[in-house]
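In the numbering used here, the protein residues as written are 370 to 650.
Don't be surprised by glycine CBs; every beta carbon is placed ideally from N, CA and C.
These numbers come from a predicted model, not from an experiment.
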Amino acid sequence: MTFRTWVDENLRPQDINAMAEIRDFLGFDPEINQTVHPKDHMFNGQNNGYFQTSIQGLFSLVNSMKHAGMGPQAVRSLLDFGCGYGRIYRAFAAAFPKAELTALDLMEESARFCAETFGGTAIKSDENVANLSLPLRYDVIWFGSVFTHLPKARWQEFFDFLAMIAQPGGVVSFTTHGVRAIDVIQYKVDQGQSITVKLDAFNEMKETINAKGFVFMPNGPVVVKHQKSLGMEITEGLYGLSFSTRAWVTEFVESQGKWDMVGFDEAGWGNNHDVVTLRLK
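Listed below in structure tokens is the structure:
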């Protein structure tokens, strides 16, 4: 059974439609490798949800490329920053088989799995991105769910890093927690479901983002311990959950003077994360 047939038989209409648009853009149906690493903490034993995210990640990147006026043949090199065990990377590998791909993650084992299973080069990330030395400058960079975990002070160092590793005219697609992400948490509260933060903290978070456009809640010691158990070498206080409005993100990007913001898709990834598309001047 081809991956496209599996999608048609198992997934939601929006995923089937996304695959159709991906096919129209690429000129073929990408045959996505369904091999899942046993340590993949994003996999809960259900193929459907996992591969829905794979498809929607590729669909988000395709939309970013469309915003930037970039066709698939222009992708000679692609970096997946924070690739994990390849939930999205596998889709990129299938969609751009001729591109030079780089899988980069704090978990060295996961980056290596991506390269060995789906192709490309594996690089272990560093908490301080200034310490990273990458083999080339990239036509396309995917920063899925990275800025969603960074405090405001760290955005600048990551943007400096992006400007060094993107090709002139290169495309960066990154995601943020915006209005939709807050609505998702609020829905869970209204339904009496558990959320990852205390209710008082969530209510305070909403007030802060309404007033300032940005809010960050650092991970506590229990979460940090869990992340380290997965192989992530991180420092408490440097990672957590961040939420930002479109206005705040736009102002920050414009302050850099190096990027054209060519796209902003609210809830563009999985009807949750906003997807921001930049092109290096």
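Can you name the start and end residues of the alpha helix (DSSP H) that residue i belongs to?
i, result
"M533", "K521 to I534"
"D559", "V548 to D559"
"Y419", "N416 to H436"
"Y608", "From DSSP, Y608 is part of no alpha helix (DSSP H); its letter is neither H nor E."
"K493", "Unbroken run through K493 is the beta strand (DSSP E), T490 to K493; no alpha helix (DSSP H)."
"F412", "Here F412 belongs to no alpha helix (DSSP H), and DSSP marks it neither H nor E."
"F516", "Looking at the DSSP string, F516 is not in any alpha helix (DSSP H), and its letter there is neither H nor E."
"R459", "Y458 to A464"
"A472", "Taken as a continuous stretch (DSSP letters only), A472 belongs to no alpha helix (DSSP H), being part of the beta strand (DSSP E) at E469 to D474."
"V376", "F372 to N379"
Inspect the beta-carbon positions of residue i and residue j and report whether they are closer than 7 Å.
i, j, result
"L447", "L470", "yes"
"R506", "Q525", "no"
"I424", "D384", "yes"
"F583", "S613", "yes"
"A472", "G451", "no"
"V444", "A463", "no"
"V509", "N641", "no"
"H518", "Y608", "yes"
"R392", "T422", "no"
"L568", "I534", "no"
"K493", "E477", "yes"
Assuming residue i and residue j make a contact with CB atoms under 8 Å, what is their CB distance in whole Å?
i, j, result
"M411", "Y454", "7 Å"
"F516", "F543", "6 Å"
"F372", "I401", "5 Å"
"P441", "F394", "6 Å"
"I564", "V558", "6 Å"
"F465", "A499", "In fact, because the Cβ distance is near 28 Å, the residues do not count as touching under 8 Å."
"P399", "A460", "7 Å"
Quick check on the DSSP output: the beta strand (DSSP E) that includes residue i runs from which residue to which?
i, result
"E651", "Residue 651 lies beyond the residue range present for the chain, which begins at 370 and ends at 650; the question has no answer from this structure."
"S479", "That residue, S479, is in no beta strand (DSSP E); its alpha helix (DSSP H) goes E477 to F487."
"I510", "Y507 to F512"
"A636", "W628 to W638"
"L503", "Careful: L503 lies outside any beta strand (DSSP E) and carries neither H nor E."
"R615", "Note, R615: premise wrong, no beta strand (DSSP E); alpha helix (DSSP H) at R615 to Q625."
"M574", "M574 -> not in any beta strand (DSSP E); alpha helix (DSSP H) instead, spanning L568 to K581."
"T646", "H642 to L649"
"S446", "S446 to F450"
Between which residues of its own chain and residue i is the CB-CB distance below 6 Å, once the five residues before and five after are set aside?
i, result
"A636", "R549"
"R648", "A437, V540, D629 and V631"
"L501", "D495"
"H406", "Y454 and F482"
"H546", "T517 and F612"
"D409", "Y454"
"P520", "F585"
"T577", "V584"
"T404", "T486"
"V431", "I391 and F394"
"M574", "V584"
For residue i, which residues of its own chain have a beta-carbon under 8 Å away from its beta-carbon, when the five flanking residues on both sides are left out?
i, result
"N417", "N379 and L380"
"Q625", "F528 and A532"
"F633", "R615, V618, T619, D643, V644, V645 and T646"
"Q560", "none"
"R523", "L607"
"S514", "G451, T544 and H642"
In chain order, what residues of the same chain have a beta carbon less than 7 Å from the beta carbon of residue i, not counting five sequence neighbours either side?
i, result
"R481", "A491"
"Y458", "D449, C452, A472, C483 and F487"
"M439", "V540"
"S433", "V540, S542, G632, V644 and T646"
"K650", "K627, W628 and D629"
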